[in-house]
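Participant: Got a structure for you, written out below as structure tokens; questions coming shortly.
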Amino acid sequence: MFNLANNIGQNPNPDKGCMDYVKEYWASVPFYNRLLLVVLPTIYGLCWLYPLQKYSMNMISLTVYRKEFWRIFIAPYVHFRLLTLFFVLISYIPTGCIREKAIGTVKIILNFMIMNMIIQILFLGISYVILNFIKPNVFFISVGIWPVIIAEIVIDYNRMPDHERRFCCCPFALKSKYHPWIYVILFSIMNPVGAPAMISGFIVGYLYVFKILTCLDISNETARCLENSFLFSFFASNFDCFVKLQNAEEAYIYGEDGRGRGNGMPNYIRQQNDNGRGSDVQTPSGNTQSNTHKRGFPGQGVRLGGEEVV
């Protein structure tokens, strides 16, 4: 979980216990993702004591007709099931940490809120169309971070759309551009009540891919001003895990305009290790290329006819 098992397996230390590795990982988690790791399970636990769900889920009959517009902003932070919460954390946090370290805490918070707001508003529009023109006797809700995750899957998998990768644990590979379609279909079938929310995240993801919504991203200048504002300056000065824009890793390139979209994975090149094998490293170039040197076979071999060669 969160590469913790890989760290333990690759760097075994008999003097360290599991809690030592957990503490090391916790120290590496930046501010907003650390906040999610604390807030989401806490809210889920509080739901057992008080029914917070009925005040948080986004639903057209409550959000629009009762004018409870706060649901648009708090819906992603509440989850109904423990298993759903678990998969949300292991799906969002690892890449979320990379993004926050790349673009800073202020930008990831505001870009997350903007993307979520667009998804929730689009969800209300889709729900209205279905309820009034297609099937009136159904209800739909949007709750949890899954719609945002779907949007970011669309963005990330369309960076190299023709690159083939395995789909989950299946024994076959598909082009990256087809993966989001399969995900949204599967999730919609598994959870029909939340299908419009998944479709909304899917649509918003492609609006970012086609750069229609990139104008809503927080610019570096705005992020710097907000870092010095009262709202964020307290956290920036009192929490070491708060990633300021000036300390963000320049190795991550997100967009042609230099600002990026506030989401997605870094670009990589291949760099040769001591053992001659290539490995992924982050570079400020933003170009995916390979600099692994070709080396001849250093040992001995045998020709097809049986003759030994060196």
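Mapping to the UniProt record's numbering: the sequence shown position 84 is 84, numbers consecutive.
Glycine included, each C-beta is placed from N, C-alpha and C at the ideal position.
Computed from a predicted model, the values in this text were never measured in an experiment.
(1) If contact is defined by three or more beta carbon pairs under 8 Å, each pair taking one atom from either stretch, is the region 119-137 in contact with the region 49-60?
(2) Quick check on DSSP: helix, strand or coil for N33?
(3) Tell whether a beta-carbon distance below 8 Å holds between I149 and V184.
(4) Hey, out of C169, V88, S127, V204, whose CA is closest to N111's CA?
(5) Between Q53 and the rest of its own chain, which residues show a CB-CB distance below 8 Å, the 5 nearest in sequence each way excluded?
(6) So A102 and A248 are in contact, right, with Cβ under 8 Å, and what is the actual spacing, rounded?
(7) Taking F87 as the reference, give the member of L40, L216, D20, Y21 with the closest Cα.
(8) Identify whether residue 370 lies in helix, strand or coil by the three-state DSSP scheme.
(9) Are the beta-carbon atoms belonging to S200 and F123 less than 8 Å from one another?
(10) By DSSP's criteria, R173 is part of a beta bridge. Which residues make up the other side?
(11) Could you compute how far the alpha carbon of T105 sits from the alpha carbon of S56?
(12) If you draw a straight line from the C-alpha of E164 to the C-alpha of L82, how long is it?
(13) For the alpha helix (DSSP H) containing V97, name the first residue and the last one.
(14) Only counting the same chain, and skipping five residues up and downstream in sequence, which positions put a Cβ closer than 6 Å to that of D162?
(15) Within the continuous alpha helix (DSSP H) that includes Q53, where are the two ends?
(16) Just to confirm, is the Cβ distance from F210 to P180 under 8 Å?
(17) Between the Cα of R71 and the Cα atoms of V193, K16, Q120, which residue gives the shortest distance?
(18) What is the DSSP secondary structure of S142, counted as helix, strand or coil?
(19) For S229, does the count of other Cβ atoms within 10 angstroms reach 16, so buried, or fall short, so exposed?
Facilitator: In this structure, then:
(1) yes
(2) helix
(3) no
(4) V204
(5) C47, V78, F80, V143
(6) 6 Å
(7) L40
(8) Residue numbering for the chain in the displayed model covers 1 to 310; residue 370 lies beyond these limits and cannot be assessed.
(9) yes
(10) In the sequence as displayed, the identity of residue 173 is Ala instead of Arg. A173 pairs with R166.
(11) 25 Å
(12) 33 Å
(13) Checking the sequence shown, residue 97 turns out to be Cys, not Val. Segment 82-103, the alpha helix (DSSP H) holding C97.
(14) K175
(15) 53-56
(16) no
(17) Q120
(18) strand
(19) exposed
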